[in-house]
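In the numbering used here, the protein residues as written are 324 to 409. We put the CB at the ideal spot given by N, CA and C, even for glycine.
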């Protein structure tokens with residue numbers, strides 16, 4: 324879990340100790356997948372108030388909504404995210 328949290332901290336430019344509680348839940352939901360963590364981390368860097376939103380989308384397996392929030396408009400990314408956490 325620590326390595327996964329470090330990925331989120333790196334992408335969001337947040338100190339590890341200052342990550343919100345949602346960070347731990349996001350790591351748990353995506354099972355520490357570096358692919359999912361890096362995508363969500365990059366999105367959170369741009370919109371740091373969306374931690375609850377991305378956690379909710381992960382919990383509901385709404386990978387398409389996560390992808391549509393990014394500039395990665397490739398359907399295969401949805402499948403890759405799903406495969407990386409199953």
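Best match in the options for proximity to residue i [C-alpha to C-alpha]
i           : options               : result
residue 375 : 338, 334, 355 and 344 : 344
residue 409 : 346, 340 and 358      : 358
residue 347 : 378, 407 and 387      : 378
residue 367 : 324, 331 and 341      : 331
Residue i, enclosing alpha helix (DSSP H) - first and last residue
i           : result
residue 352 : 344-352
residue 333 : 325-335
Alpha carbon of residue i to alpha carbon of residue j, nearest angstrom
i           : j           : result
residue 380 : residue 371 : 15 Å
residue 273 : residue 327 : Look at the range of the chain in this structure, 324 to 409, and you will see that residue 273 is not part of it.
residue 354 : residue 385 : 15 Å
residue 312 : residue 352 : A query on residue 312 cannot be resolved here, the shown segment of the chain reaching from 324 to 409 and no further.
residue 338 : residue 329 : 9 Å
residue 336 : residue 362 : 14 Å
residue 407 : residue 360 : 11 Å
residue 350 : residue 356 : 8 Å
- [ ] Please list the segments of the alpha helix (DSSP H) lying wholly inside the region 352-378, counting only runs of 4 or more residues, in order along the chain.
- [x] Segments of the alpha helix (DSSP H) lying fully in the region 352-378: 357-369.
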